[in-house]
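Please read the structure below before turning to the comments.
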Amino acid sequence: MVELKESIENHINQISEYTATPGKGTTRLTYSQEDLKTRNYLKGKMREYGLQVREDGFGNIFGKLEGTLKDAPSVMVGSHFDSVPHGGSYDGPAGVVAALEVAGLFAKNNLTPRYPLEVVALVEEEGARFGGGLMGSRGMVGLLGEGDFQNLRDQNGVSTVEAMTEIGLDPSLPKKRDPKTMKAFLELHIEQGPILEEKEIPIGVVEAIVGLTQLEVTVKGQAGHAGTTPMDRRADALVAAASIIGRLPELAREAGEGTVITTGRLNVFPNGANVIPDQVVFSVDIRSGKEENVLNVIEKTKTLVHSYSKNRIQTSLEQLLYIQPKELNRGIRSLLKEKSEALEIPYCSINSGAGHDAMVLSDYTDVGMLFIPSKNGLSHCPEEWSDSEDIARAVGIFYETAKSLTEA
Ligand code: HGY
Ligand code: MN
Ligand code: MN
Ligand code: MN
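One point on numbering: in the UniProt record's numbering, the residue at position 28 of the sequence shown is 28, and numbering is uninterrupted.
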């Protein structure tokens, strides 16, 4: 176990070097130089562990250990390797590194499975560069059409295709993957909350994942001189946007049952200290374990936003992403619990307030997910930390689970 823990730590430490903001957390945007360095590292390790490596037309990376059955569906293990701006070292990479080490155990034990095993490293789960999120997994199952993919642009107007080409990726490679090629998908992820740490339990078996939506609101006003424009002749987009944002939390509180709402990104145009803002674009992220709460708060948000379209202010709203709450596969959940018990690893059931690639793939294959504790429940920040010992525990459970799934 020590050797495994050390290997995990080495992977995590090396990957955390690939950040655009050293010393200020992990910033690894999709198709950036940091993406490329991580990609090359992961592909190198996949080859070292005896896997056949390929990338798809989104830049998702697959490392395959062929099975004895020809053209059989794969048991996939993995997560994403992009990050939020100034995030942590474990959100995403913990799952990719765990998948690598599961393949490492197959290699170490000279195991050739019946069904193939695939290590999967997915792109743009966070949506930090192109918006929305879960892009690699949605694309893989055909939920993101070619046109929509090509129309995605980052905040500098760079398209996905241009950004891919810049780091040597080929957007013309096959994109959609036939669900018949997937037997199961296992994802290890950090909990990103306080529950496991408070309970002092190293493993959470994820039962369900909240439903979520990402909206983008645009508020248009009229630019003007901050000094010469009387207050009663202004159409100040930022004042209107700030008023809307200030009223959003109440919509989630009214819905109750753990419903949450967040504005995490806001851009002001032209963003000059002495210019009355003429346009503001901001995000609204809404989540709940109950779909009717998400739908209800979306409708109330739309009504609130539209009510500000008056007195030379115009508002509009676009839905970038919507995913229903997902219950994960019962059979795999039981298998994960059975393997944890066999390994005498304490576990509990847990639900996820964070979105994950697993929630996308769960409509196309059998999906299982494990959480490990997050120190102080922190994530999406430089303080994010999890114990490689816990990652090693999850590797052990996934190894036993993958052995069963690749034989059955
Ligand atoms: O936003 C989320 O829940 C995930 O970290 N992408
Ligand atoms: Mn994540
Ligand atoms: Mn995240
Ligand atoms: Mn996720």
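By construction, the Cβ of each residue, glycine as well, lies at the ideal position given by its N, Cα and C atoms.
The region 35-97 contains, as complete beta strand (DSSP E) runs of 3+ residues, the segments 52-55, 61-65, 74-80 (chain order). The C-alpha of P277 is placed about 7 Å away from the C-alpha of G221. For G131, the number of other beta carbons within 10 angstroms of its own is at least 16, and it is reported as buried. In this structure E257 is not in contact with K310, their Cβ atoms being roughly 33 Å apart against a cut-off of 8 Å. Chain order is used for the residues whose beta-carbon lies nearer than 5 Å to a heavy atom of ligand 2, namely D91, G92. C-alpha of H225 to C-alpha of K24: approximately 36 Å in a straight line. Taking C-alpha positions only, P194 is separated from V210 by approximately 17 Å.
When distances are taken from the beta-carbon of E126 to the heavy atoms of ligand 1, the shortest one is below 6 Å. Listed as beta-bridge partners of K220 by DSSP are Q279, Q314.
Looking from the CA of P373, the closest CA among Y364, D363, E384 belongs to E384.
With fewer than 16 other CB atoms across the displayed protein chains lying within 10 angstroms of its CB, E200 is exposed.
Between the alpha carbons of L105 and P171 lies a gap of roughly 33 Å.
Collapsing the DSSP output to three states places Q155 in coil. Here Q319 carries a strand assignment [DSSP, helix/strand/coil]. Checking the 6 Å criterion, the Cβ of G355 is within range of a heavy atom belonging to ligand 1. For the pair R287 and A208, the Cα-to-Cα distance works out to about 13 Å.
The secondary-structure analysis by DSSP pairs T213 across a beta bridge with I286, Y322. Between L251 and K300, the C-beta gap is smaller than 7 Å, which places the two residues in contact. Residue pairing by DSSP places D366 opposite A184 in a beta bridge.
Rounded to the nearest angstrom, the Cβ distance from F58 to V123 is 6 Å, consistent with a contact under 8 Å. Around the CB of D71, fewer than 16 other CB atoms lie within 10 Å, so the residue is classed as exposed. Distances from the CA of S316 to each of Y322, F282, L328 were compared; the closest alpha carbon is that of F282. Boundaries cannot be given for N271, as no beta strand (DSSP E) includes it and DSSP labels it neither H nor E. Ranked by Cα distance from E66, the first of R28, N60, V53 is V53.
Listed in chain order, the non-local C-beta contacts of K176 below 8 Å within the same chain comprise G139, M140, V141, G142, local neighbours out to five positions each way being set aside. Residue T218 holds the alpha-carbon nearest to the alpha-carbon of Q314 among L186, H380, A128, T218. When DSSP reads this structure, E198 sits in no beta bridge, so it has no partner. For T165, no beta strand (DSSP E) run applies; the uninterrupted alpha helix (DSSP H) run containing it begins and ends at 160-166, by DSSP. The three-state secondary structure of A235, taken from DSSP, is strand. Shown here, G246 sits in a helix according to DSSP, grouped into three states.
Residue environment for P249: exposed (fewer than 16 other C-beta atoms within 10 angstroms of its C-beta).
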